[in-house]
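S.K.: For the first sequence, position 155 (counting from the first letter as 1) is numbered 210 according to the numbering used here, and the numbering increases by one without interruption.
Glycine included, every Cβ here is placed at the ideal spot set by N, Cα and C.
What you are looking at is a predicted structure, and each value in this text was computed from that prediction instead of being measured.
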Amino acid sequence: MTRLLRDFFARDTLIVARELLGQALVHDTPDGRAAGRVVEVEAYTGWNDAASHGHRGLTPRSAVMFGPAGIAYVYLCYGVHWMMNVVARPEGVDYPAAVLIRALEPIEGLHLMEKRRMGRPRRDWSNGPGRLTLALGIGKAQNLADTAGSHSALHWEQGETIPDESVMRGPRIGIDVPEPSKSLPWRLWVKDNPHVSRGR
DNA sequence: CGTTCGATGCACT
DNA sequence: GTGCATCGAACGT
56 MTRLLRDFFA RDTLIVAREL LGQALVHDTP DGRAAGRVVE VEAYTGWNDA ASHGHRGLTP
116 RSAVMFGPAG IAYVYLCYGV HWMMNVVARP EGVDYPAAVL IRALEPIEGL HLMEKRRMGR
176 PRRDWSNGPG RLTLALGIGK AQNLADTAGS HSALHWEQGE TIPDESVMRG PRIGIDVPEP
236 SKSLPWRLWV KDNPHVSRGR
């Protein structure tokens, strides 16, 4: 198994988002290991991205998006759901950027994932940003974790390469559209994969 | 199948 | 005080 290290994340945000498709997100916990293949992501990047938490400048919450690539940005949404991002940006630039992980295909620790998802059907274990964090046991404690460290409990392992013809792109989900930047096609997913989120 | 709507914590104004 | 990068229960087809 080959881990994805700093160099992978220290590149253009859209390149990282594209290449994250097909890679494995792995979390080792006292309960065991659980892992899923990335099948859906969203990029949030740059000063002009009005949908990005970094858009309004550096705040206590968004500071991580201005920091080193490979660090996890985990935050609570709607008071209920934890969302996981990974900081992705070339070195030597100063804008905020991260990739939101929106859906995984379960590949390891299936028993553990089923337990964490309380017996729901397998297809619903990790087909949404708030669901995959439950399935992998990711929460507040993983915010600021270094996913690119060579011994990190939360990390990435090299998976399959998704061919260009299987990569679909469209507007990001759950954001209002008035600002032009919000309709950018920065949601990427694997074509026809049943574990992609439904989107509302 | 589909749609609606309440839950819920916290960063930010 | 306001507004979310959502989910799942509950209801109507």
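Going by alpha carbons, who is nearest to H82 out of R227, G225 and L187?
M.R.: Nearest C-alpha to H82: L187.
S.K.: How far does the beta strand (DSSP E) with P240 in it reach, from first residue to last?
M.R.: Here P240 belongs to no beta strand (DSSP E), and DSSP marks it neither H nor E.
S.K.: Please classify V146 as buried or exposed, where buried requires at least 16 other C-beta atoms within 10 Å of its C-beta.
M.R.: According to the sequence as given, residue 146 is Glu; it is not Val. So E146 counts as exposed.
S.K.: Can you tell me whether M120 is buried or exposed? The criterion is at least 16 other CB atoms within 10 Å of its CB, across all chains shown.
M.R.: Flag for M120 reads buried.
S.K.: Grouping DSSP H, G and I as helix and E and B as strand, with all else coil, what is P184?
M.R.: P184: helix per DSSP, three-state reduction.
S.K.: What residue ranges within the segment 61–147 form continuous beta strand (DSSP E) runs of no fewer than 3 residues, ordered along the chain?
M.R.: Counting whole runs of 3 or more residues, the segment 61–147 contains the beta strand (DSSP E) stretches 79–84, 87–100, 127–132 and 136–142.
S.K.: Taking the C-alpha atoms as reference points, what is the distance between A118 and L189?
M.R.: Rounded to the nearest angstrom, the two C-alpha atoms are 24 Å apart.
S.K.: Taking 7 Å as the cut-off, is the C-beta of S252 nearer than that to any heavy atom in the ligand NAD?
M.R.: The ligand NAD is absent from the structure shown, which contains no ligand whatsoever.
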